[in-house]
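> Just dropping this structure here.
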Amino acid sequence: MLRVAALLIAMAALMAACAGGFEADAGASPGGGIRLVSIGGFESPVHVTAPPADERRVFVVEQEGRIMVVRGGRKLAEPFLDIRSKVAAGGERGLLSMAFAPDYARTGRFYVYYTDNAGHTRVVEYRRAGEDRADPGSARQVLFQRQPEPNHNGGLLLFGPDGLLYIGLGDGGGSGDPHGPRGNGQDLRTWLGKLLRIDPRASGGRPYRVPRSNPFVSRRGARPEIYAYGLRNPWRYSFDRATGDLTVADVGESAIEEVSFRRRGRGRGANFGWRVFEGRRRFASGESAPRAVAPVIERRHSQGACSITGGVVVRDPALRSLAGRYVFSDICDGRILSSRLSGRGASRVRATGLRAGSPSSFGEDARGRVYVASLDGPVYRLSAR
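Residues -19 to -1, 1 to 366 (mature numbering (1 follows the signal peptide of the UniProt record, and there is no 0)) are what the sequence shown spells out, left to right.
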């Protein structure tokens, strides 16, 4: 995601014009009776979220290093947090997401994922100083990962239904995951190309705890923080707020964008196939990906896709025509699409009739209302007409 983002925004209209095949298989649309309502304009917004049980506010992450607050539909003038001096922003780098701890109301803990000024990834804990203001002096580093290339930074932090922090990391960048004999995606000795799972609270002099139930805790040579692997650039993934099911949208190499689905708990130890597979297509000949999970949705570059923006399963009762459907998009096409996912696969992908500019991210508030951020500025809420 965010592949040389400014260039993609300029190309978006051209790509949409070339997307005739993409439209042909989109079909008639669930999503009728739904509109996009702007909640404000921002500077390169890349993430939308809210604290648990806080139904008044939405927080918008800006790529350059600020977190802004929208309260009661009004954007506040002062940022919740401003770490622009610490962040290298541009292309696929920047302040890429935030996550509120499940006990945020009591402890004020939240976490941010950003690219530092040396080009490497940091996950840092901060604390709340006031209702709409963080304490910039409370920073505590939780995790650090050197990045060999400037792209495929991954970037999403989410607390899962188990109360643990999930961290999506890309494969380290470069074309075709050229790192080592098998690439980073299939190498359990590195965090790159993985979905990690940790308890981010400090313990025993260590910055975080590793859950004993992580799949590779007992495997010699494997990094115990790894929850799932075989990922190229899992820019956005999500947990269904009703079921806990995991959906991962992985940005493709040169041909295929993909969405994979795992029932709650079955993502543990999953191998999503990269670099052996791009989608269902073999990418690296002569290599193996043990028990690779096939995607449930593929979007081809020949159909106008270029960089998938993973979304969420809609649980907002006001959006009846999209109830239980997974909504997602692509930064080059801009259309909001939907499909119903299950352990058996996915229903036919259908267009909603809505466009959101250059969609960078989907998010939910505490009530389950769905938002989509456009990299060129606006953030929208999906609303019934």
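Beta carbons: idealized from backbone N, C-alpha and C, even for Gly.
For the structure I just gave you, are there three or more beta carbon pairs, one from the segment 286 to 305 and one from the segment 14 to 27, closer than 8 Å?
Contact holds: three or more Cβ-Cβ distances are below 8 Å.
> From the DSSP output, in three-state form, read off T30 for me.
In the sequence shown, the residue the question calls residue 30 occupies position 49. In the structure shown, T30 sits in a strand (DSSP, three-state: E or B).
> Assuming the contact rule is C-beta atoms closer than 8 Å, H28 and L62 should be a hit. Round their C-beta distance to whole Å, please.
Sequence index remark: in the sequence shown, residue 28 carries index 47 (1-based). Sequence index remark: in the sequence shown, residue 62 carries index 81 (1-based). With 8 Å as the limit, H28 and L62 do not qualify as a contact, their Cβ atoms being about 13 Å apart.
> Look at the Cβ atom of R329, then the Cβ atom of G305, and state whether they are nearer than 9 Å.
By 1-based counting over the sequence shown, the position of residue 329 is 348. By 1-based counting over the sequence shown, the position of residue 305 is 324. Against a cut-off of 9 Å, the Cβ pair of G305 and R329 comes out as no contact.
> Going by the beta-carbon positions, is the gap between G136 and G149 smaller than 9 Å?
Against the sequence shown, residue 136 aligns to sequence position 155. Against the sequence shown, residue 149 aligns to sequence position 168. Yes, these two residues count as a Cβ contact at 9 Å.
> Under three-state DSSP, which class holds Y189?
Along the sequence shown, one-based indexing puts residue 189 at 208. In this structure, Y189 counts as coil in the three-state DSSP scheme.
> Check whether the segment 245 to 256 and the segment 162 to 181 touch, using three or more Cβ-Cβ pairs below 8 Å as the test.
The segment 245 to 256, when compared against the segment 162 to 181, does touch it at the 8 Å Cβ threshold.
> Which whole-angstrom value describes the C-beta separation of R90 and D97, a residue pair presumed to lie in contact below a C-beta threshold of 8 Å?
Taking the first residue of the sequence shown as 1, we reach residue 90 at position 109. Taking the first residue of the sequence shown as 1, we reach residue 97 at position 116. Their Cβ separation, rounded to whole angstroms, is 21 Å, which puts R90 and D97 out of contact at 8 Å.
> Under 9 Å between C-beta atoms, does G157 make it to chain D?
Any reference to chain D falls outside this structure, which holds one protein chain only.
> Do F264 and G157 have their CB atoms nearer than 9 Å?
The residue given as residue 264 occupies position 283 in the sequence shown. The residue given as residue 157 occupies position 176 in the sequence shown. Yes, they are a contact pair.
> Just the Cα atoms here: how many angstroms apart are V293 and R243?
As a working note, residue 293 is residue 312 in the sequence shown. As a working note, residue 243 is residue 262 in the sequence shown. Rounded to whole angstroms, V293 to R243 spans 14 Å at the Cα level.
> Please name the residue, chosen from F23, A31, G22 and E24, that lies closest to V351 on a Cα-to-Cα basis.
For the purposes of this step, residue 351 is taken as the residue at position 370 of the sequence shown. It is A31 whose Cα lies nearest to the Cα of V351.
> To the nearest whole angstrom, what separates the beta carbons of G338 and G315, a pair I think is in contact under 8 Å?
For this step, residue 338 is matched to residue 357 along the sequence shown. For this step, residue 315 is matched to residue 334 along the sequence shown. Correct: roughly 6 Å between the Cβ atoms.
> Residue range of the alpha helix (DSSP H) that R348 falls in?
Numbered from its first residue, the sequence shown carries residue 348 at position 367. Taken as a continuous stretch (DSSP letters only), R348 belongs to no alpha helix (DSSP H), as it is neither H nor E.
> Check whether the Cβ atoms of G248 and A273 sit closer than 9 Å, and answer yes or no.
Your numbering for residue 248 matches position 267 in the sequence shown. Your numbering for residue 273 matches position 292 in the sequence shown. Contact: no.
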